[in-house]
Amino acid sequence: MSINSFNKKNSSKLQNILIIGNGGRENSLAWAIQKNELVKKIYLLPGNAGSKKINKSERISLDLNNIKALTSKLKYLNIDLIVIGPETPLAEGLGDVLRKNNFDVFGPGADGAKLESSKSWAKEFMKEANIPTANFWKVESLKEAKEIIFRSPNPLVVKADGLASGKGVFIPESKEESLNATEEIFKGKFGTAGAIVVLEEKIEGPEVSVFALCDGKKYVLLPTAQDHKRLNENDEGPNTGGMGAYSPTPLMTKIHLESITKEIIEPTINSLLRKNIDYKGVLYFGLMITKSGPKVIEYNCRFGDPECQTIMPLMDKDFVILLQKCAKGNLVGNEKIRIPNKVSGCVIATSKGYPHNYEKGFPITYGNIDFEDCQIFDSGTSLNSDSEFITNGGRVLSIVCQGKDFNKVFEKAYKNLKEISFEGINYRKDIGHQVRIKKMVKRSN
Ligand code: AMP
Ligand code: GLY
Numbered sequence: 065m066s067i068n069s070f071n072k073k074n075s076s077k078l079q080n081i082l083i084i085g086n087g088g089r090e091n092s093l094a095w096a097i098q099k100n101e102l103v104k105k106i107y108l109l110p111g112n113a114g115s116k117k118i119n120k121s122e123r124i125s126l127d128l129n130n131i132k133a134l135t136s137k138l139k140y141l142n143i144d145l146i147v148i149g150p151e152t153p154l155a156e157g158l159g160d161v162l163r164k165n166n167f168d169v170f171g172p173g174a175d176g177a178k179l180e181s182s183k184s185w186a187k188e189f190m191k192e193a194n195i196p197t198a199n200f201w202k203v204e205s206l207k208e209a210k211e212i213i214f215r216s217p218n219p220l221v222v223k224a225d226g227l228a229s230g231k232g233v234f235i236p237e238s239k240e241e242s243l244n245a246t247e248e249i250f251k252g253k254f255g256t257a258g259a260i261v262v263l264e265e266k267i268e269g270p271e272v273s274v275f276a277l278c279d280g281k282k283y284v285l286l287p288t289a290q291d292h293k294r295l296n297e298n299d300e301g302p303n304t305g306g307m308g309a310y311s312p313t314p315l316m317t318k319i320h321l322e323s324i325t326k327e328i329i330e331p332t333i334n335s336l337l338r339k340n341i342d343y344k345g346v347l348y349f350g351l352m353i354t355k356s357g358p359k360v361i362e363y364n365c366r367f368g369d370p371e372c373q374t375i376m377p378l379m380d381k382d383f384v385i386l387l388q389k390c391a392k393g394n395l396v397g398n399e400k401i402r403i404p405n406k407v408s409g410c411v412i413a414t415s416k417g418y419p420h421n422y423e424k425g426f427p428i429t430y431g432n433i434d435f436e437d438c439q440i441f442d443s444g445t446s447l448n449s450d451s452e453f454i455t456n457g458g459r460v461l462s463i464v465c466q467g468k469d470f471n472k473v474f475e476k477a478y479k480n481l482k483e484i485s486f487e488g489i490n491y492r493k494d495i496g497h498q499v500r501i502k503k504m505v506k507r508s509n
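In this note's numbering, the protein residues as written are 65 to 509.
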């Protein structure tokens, strides 16, 4: 190793940060990172129109596939830490390439990202390490799938093996629906991501998201969160990327957390180590708390969206130091994340039609927003030729509020949402219903 690269690896300079990604998740990471006085500049590659509202931030545009131009520009910008937000560049090995070029990167290599980019690989990984998860079958033909589906007493959940932007999971009501979903995947609905199908036993229970910041050997847990995946109130309608979240979740009792640590988190990290996978980044455990205990529904190799927007406002200025320690592989493992005596809640405003087809380009207007303990992280916005904010995605905005209790948090979030409008705005009115105290409705008779 040259002296230069040695210095680079061992310095704790933290002036220039690069965040790769363009969603609400990346804006919330930038917002939390800018709190640290060591940080002078945060580059978002490419970010979105809302990124410019974040202190110290600047959007840059570079081709992630042109590694030579990318790394030479990042060297010119003196980037001290790179945070990779989304799963696709992680699965494609961007973390590996940047690390080879001596950058400190928060985000696993392609080997660790396989926990998300191949569901069958992740299931086999869990089976090998005896990690509780739903029973599964990996199938590579419709014939094979048919036998398993009709042999099973209940309809099986069907999953495309590869990355499918959160759309590759079907929860059928009947065996016929399981078979149809499998057929569609094998016919190419998700391209090569559907060359393998995972059939899974359907399990039941509330879902919780747990995030571990890992440095390859050690880890630190973030506050837990609960996402709301379904489009409509009462958790009905199609699955989405997430319509809102709250953190921390009281569902995660101390006893659950202890058993999750012992039976899920530590076996996962030890198993990665045994496979020589140097996992430096966030490991997202999507869990279901079933009657027989917590089980892993899925792993993700990145922060959840909107869980990240929900958790970031609870982080203090040392959060970025933890990310840097993970990237450098020097976590102590007993770092305590200082959390204010507050809870946080997030509601996502979407375009009409999301998660299916939707139109974009509608101007967004903001009324009188109360920004005390409240943030707006743009998820999908851009500017029109008059420099007005317009919608530019299915999920448009994340409204996040903090307060002493969830009632106050969501009251404020919904009050602020009433001040925001764009054509076709849609949001769930019951985010956090699990933790809000329902007001008694007086009967008139
Ligand atoms: P995934 O993309 O694997 O997180 O799946 C999306 C959603 O499908 C999860 O958040 C669950 O709500 C549901 N799901 C996935 N696997 C199962 C399963 N085996 N049993 C019941 N629901 C599931
Ligand atoms: N909110 C779920 C996810 O990010 O996959």
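Yeah, the Cβ is synthetic: ideal placement off N, Cα and C, and Gly gets one too. Note that the structure is predicted; figures quoted are calculated from it, not measured.
- Distances between the C-beta of Asp469 and the heavy atoms of ligand 2 are all 7 Å or more.
- Beyond the five residues adjoining it in sequence on each side, Ala224 comes within less than 6 Å, by CB distance, of Gly232, Ile249, Phe254, Ala257 and Gly258 in the same chain, given in chain order.
- Secondary structure note for Glu271: it is in no alpha helix (DSSP H), and the uninterrupted beta strand (DSSP E) holding it is Glu271 to Asp279.
- Exclusion of the five residues before and after Pro270 leaves Leu315 and Ile353 as the residues of its chain whose Cβ lies within less than 6 Å of its Cβ.
- Annotated three-state conformation of Arg402 is coil, per DSSP.
- Rounded to the nearest angstrom, the gap between the Cα atoms of Asp160 and Ile433 is 42 Å.
- Here the alpha carbons of Thr288 and Phe214 stand approximately 38 Å from one another.
- Pairing Leu162 with Asn91, the inter-Cα distance amounts to about 21 Å.
- Rounded to whole angstroms, Gly357 and Leu227 show a C-alpha spacing of 28 Å.
- Uninterrupted beta strand (DSSP E) stretches at least 3 residues long and entirely within the segment 174–208 occur at 200–203, given in chain order.
- At a Cβ-Cβ threshold of 8 Å, Asn480 and Ile463 count as neighbours.
- It is roughly 15 Å from the alpha-carbon of Ile195 to the alpha-carbon of Val274.
- Here His292 is buried: its Cβ has 16 or more other Cβ atoms, across all protein chains shown, within 10 Å.
- Judged by DSSP secondary structure, Arg163 falls within the alpha helix (DSSP H) whose first and last residues are Leu158 to Lys164.
- Beyond the five residues adjoining it in sequence on each side, Pro302 comes within less than 8 Å, by CB distance, of Arg294, Leu295, Pro419 and His420 in the same chain, given in chain order.
- Ala276 and Asp450 have their alpha carbons spaced roughly 42 Å apart.
- Three or more beta-carbon pairs separated by less than 8 Å link the segment 162–177 to the segment 338–345, which places the two stretches in contact.
- Three or more beta-carbon pairs separated by less than 8 Å are not found between the segment 86–103 and the segment 124–135, which leaves the two stretches without contact.
- In this structure, Thr313 lies near Val272, with their beta-carbon atoms less than 8 Å apart.
- If you keep only unbroken beta strand (DSSP E) runs of at least 3 residues inside the segment 322–378, you get 344–354 and 357–364.
- Beyond the five residues adjoining it in sequence on each side, Ala177 comes within less than 6 Å, by CB distance, of Leu154, Ala155 and Cys365 in the same chain, given in chain order.
- In the structure shown, Asn80 adopts extended strand secondary structure according to DSSP, grouped into three states.
- The straight-line gap separating the alpha-carbon atoms of Ala174 and Glu180 is approximately 10 Å.
- Under the three-state reduction of DSSP, Asn480 is assigned to helix.
- For Ser115, the closest C-alpha among the options Asn448, Phe441, Thr455 and Gln466 is that of Phe441.
- The closest CA to that of Ile489, considering only Gly458, Ile501, His497 and Phe474, is found on Gly458.
- Between Ser408 and Leu378 a beta carbon distance of about 5 Å is seen, short of the 8 Å cut, so the two are scored as contacting.
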